[in-house]
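K.L.:
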Amino acid sequence: MTREEREKRLQELRAELARLKAQAHRGSLENPSSIRKIKREIARILTVMNEEKLGISKSQVAATAEKQ
């Protein structure tokens with residue numbers, strides 16, 4: 011996924027999250043776990059974007075995880 015695709019997906023997910031939160035507030039949300047799923051996907055995208063910004067590669071992340 012390119013940076014532009016990630017940014018576009020992030021905008022879409024944030025809009026979806028706002029819509030779901032509004033539904034939850036009204037009491038018409040059918041699947042409450044969908045909010046958690048959207049938040050997790052947003053966090054994953056933000057993590058990848060931050061790793062790119064810091065210049066961290068997947069191999070560095072894996073090596074750090076193995077040490078712990």
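Residue numbering for the sequence shown follows our numbering, beginning at 11 and increasing consecutively.
Glycine included, C-beta positions come from ideal geometry on N, C-alpha and C.
Just so we're clear, the structure is a prediction, and the values are computed from it rather than from any experiment.
#1: With burial defined as no fewer than 16 other Cβ atoms inside 10 Å of the residue's Cβ, what is the status of L64: buried or exposed?
#2: Does the stretch 39-46 come close enough to the stretch 12-21 to have 3 or more Cβ pairs within less than 8 Å?
#3: What's the call for L30, buried or exposed, on a 16-neighbour Cβ count within 10 Å?
#4: If I measure Cβ to Cβ from L23 and keep anything under 7 Å in the same chain, skipping five residues before and after, which residues do I get?
P.N.:
Straight from the coordinates:
#1: exposed
#2: They do not touch, by the three-pair rule.
#3: buried
#4: Shown here for L23: same chain residues with a beta carbon closer than 7 Å to its own, the five before and five after excluded, namely I48, E51, I52 in chain order.
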